[in-house]
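**Q**
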Amino acid sequence: TTLVSAARLSAPLHFVAADGTPLNRSYRGRFNHVDALPAWRIPALLRTAFVASEDQRYWQHGGVDWRARFAALWGNLRAGQVQRGASTIGEQVARILQPRPHTYWSHWVAGIEAGRLLRRFGHAQVLDFYLNQVPYGARRRGVAPAAHYYFGRDPDALDPAEQLSLAVLVRSPSRYDPRRHPQALRQAVDQLAGRMRASGAIDATQAEAIRRAPIQPGQQALAVEAGPFVLHAAERARALGLTGPVLKTTLDPDLQRFVQQVLGQRVRTLATRGVRNAAALVVDNATG
4 TTLVSAARLS APLHFVAADG TPLNRSYRGR FNHVDALPAW RIPALLRTAF
54 VASEDQRYWQ HGGVDWRARF AALWGNLRAG QVQRGASTIG EQVARILQPR
104 PHTYWSHWVA GIEAGRLLRR FGHAQVLDFY LNQVPYGARR RGVAPAAHYY
154 FGRDPDALDP AEQLSLAVLV RSPSRYDPRR HPQALRQAVD QLAGRMRASG
204 AIDATQAEAI RRAPIQPGQQ ALAVEAGPFV LHAAERARAL GLTGPVLKTT
254 LDPDLQRFVQ QVLGQRVRTL ATRGVRNAAA LVVDNATG
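Basically the numbering used here = 1-based index in the sequence shown + 3.
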């Protein structure tokens with residue numbers, strides 16, 4: 004049993020092309036299904052950056068970092084309010100699976116559940132789940148949707164500074180938004196690189212390269228634009244009683260892009276004659 008199967012994650016309906024290319028995106032659900040990455044597709048530096056940023060002793064403790072917990076408790080008592088949480092990755096996963104109000108009591112409950120999760124599934128699997136489900140801004144969950152939303156690329160296509168940015172952004176997606184607050188993100192990434200250099204996670208050359216690299220936000224776009232087809236597929240799925248979370252269709256993404264390009268050019272050519280729309284009939288010669 005894996006953590007994903009044990010969690011029984013619910014999800015809205017997603018449609019993919021015949022080759023698995025996503026045709027629609029929905030971020031209304033509590034969990035990320037379509038863009039959950041296997042362990043081998045998550046860059047090692049990204050894993051290391053998250054542990055350094057969120058839970059430095061993750062591989063040593065059993066779910067609760069007592070040293071950080073008591074330091075945070077003492078700091079909160081001195082301040083007279085909750086300023087630091089010191090939540091471990093395991094505790095954050097527990098809250099992802101079972102959301103609760105942020106209180107001292109819920110913090111202790113999350114610690115107990117984190118210990119159970121780590122004993123049952125192990126540190127590596129819990130970290131994989133966390134990286135695929137951790138919440139970001141704009142309802143994105145997981146590093147793959149976040150990488151596309153903030154930088155327009157897959158996580159394994161990001162440079163080291165951008166990977167560290169994903170680790171920083173989970174602290175406060177609004178405060179470190181690269182489009183609205185690039186300087187705040189830049190400063191936090193440089194600080195994280197410094198801590199990783201001090202701990203030996205990266206060397207001096209890597210740390211300097213991260214500090215020098217620009218952090219430029221990108222734009223997210225679907226690989227295939229097939230809105231009307233998705234609406235038709237959704238109606239058929241409801242009529243047939245089909246459920247997801249992912250339904251594969253017969254749409255050929257390469258053919259779809261080609262036909263859209265040809266029709267788009269033709270409509271632009273005929274625009275002076277009042278043509279605004281076009282359609283194409285595609286027939287498979289082998290099957291008719």
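C-beta atoms are modelled at their ideal positions from N, C-alpha and C, and glycine is treated no differently.
#1: State yes or no: is the C-beta of LEU16 within less than 8 Å of the C-beta of ALA240?
#2: Which residues share a DSSP beta bridge with LEU250?
#3: For ASN135, report the span of its alpha helix (DSSP H) as first-last.
#4: Quick check on ARG271: does DSSP put it in helix, strand or coil?
#5: Name the DSSP beta bridge partners of ARG98, please?
#6: At what residues does the alpha helix (DSSP H) containing VAL146 begin and finish?
#7: Can you look up PRO25 in the DSSP assignment and give me helix, strand or coil?
#8: What does the alpha-carbon distance come out to for the pair TYR133 and VAL67?
#9: Who are the near neighbours of SER56 in its chain, counting only those whose CB is closer than 6 Å to its CB and skipping five residues on each side?
#10: Would you mind reading off the limits of the alpha helix (DSSP H) that contains HIS36?
#11: What is the residue span of the alpha helix (DSSP H) that HIS64 lies within?
#12: From the DSSP output, in three-state form, read off SER56 for me.
#13: Would you check if there are 3 or more beta carbon pairs closer than 8 Å linking the region 18-27 to the region 250-257?
#14: What does the alpha-carbon distance come out to for the pair GLN186 and SER168?
#15: In whole angstroms, what is the alpha-carbon distance linking ASP193 and SER109?
#16: Given a threshold of 16 other Cβ atoms within 10 Å of its Cβ, counted over all protein chains shown, does GLY145 qualify as buried or as exposed?
#17: ARG182 by DSSP, collapsed to three states: which one?
#18: For ALA149, does the count of other Cβ atoms within 10 angstroms reach 16, so buried, or fall short, so exposed?
#19: Could you give the distance in angstroms between the alpha-carbon of GLN190 and the alpha-carbon of ALA216?
**A** Quick answer:
#1: Yes; because the gap between Cβ atoms is below 8 Å, this pair is in contact.
#2: PHE18, per the DSSP bridge assignment.
#3: Taken as a continuous stretch (DSSP letters only), the alpha helix (DSSP H) holding ASN135 covers 107-136.
#4: Per DSSP, reduced to three states, the secondary structure at ARG271 is helical.
#5: Its beta-bridge partners do not exist; DSSP assigns none.
#6: Judged by DSSP secondary structure, VAL146 falls within the alpha helix (DSSP H) whose first and last residues are 146-154.
#7: Here PRO25 sits in strand by DSSP.
#8: Looking at the backbone, the Cα of TYR133 and that of VAL67 are separated by about 16 Å.
#9: Here the set comprises ALA170, LEU195.
#10: Per DSSP, HIS36 is not a residue of any alpha helix (DSSP H), being assigned neither H nor E.
#11: Secondary structure note for HIS64: it is in no alpha helix (DSSP H), with a DSSP letter that is neither H nor E.
#12: Looking at SER56 - three-state DSSP - the assignment turns out to be helix.
#13: Yes, since at least three Cβ pairs between the region 18-27 and the region 250-257 fall closer than 8 Å, the two stretches touch.
#14: Cα-Cα distance, rounded: 12 Å.
#15: Rounded to the nearest angstrom, the two C-alpha atoms are 33 Å apart.
#16: Result: buried.
#17: The three-state secondary structure of ARG182, taken from DSSP, is coil.
#18: The residue in question, ALA149, is buried, as its Cβ has 16 or more Cβ neighbours within 10 Å.
#19: When only Cα atoms are considered, GLN190 and ALA216 end up about 12 Å apart.
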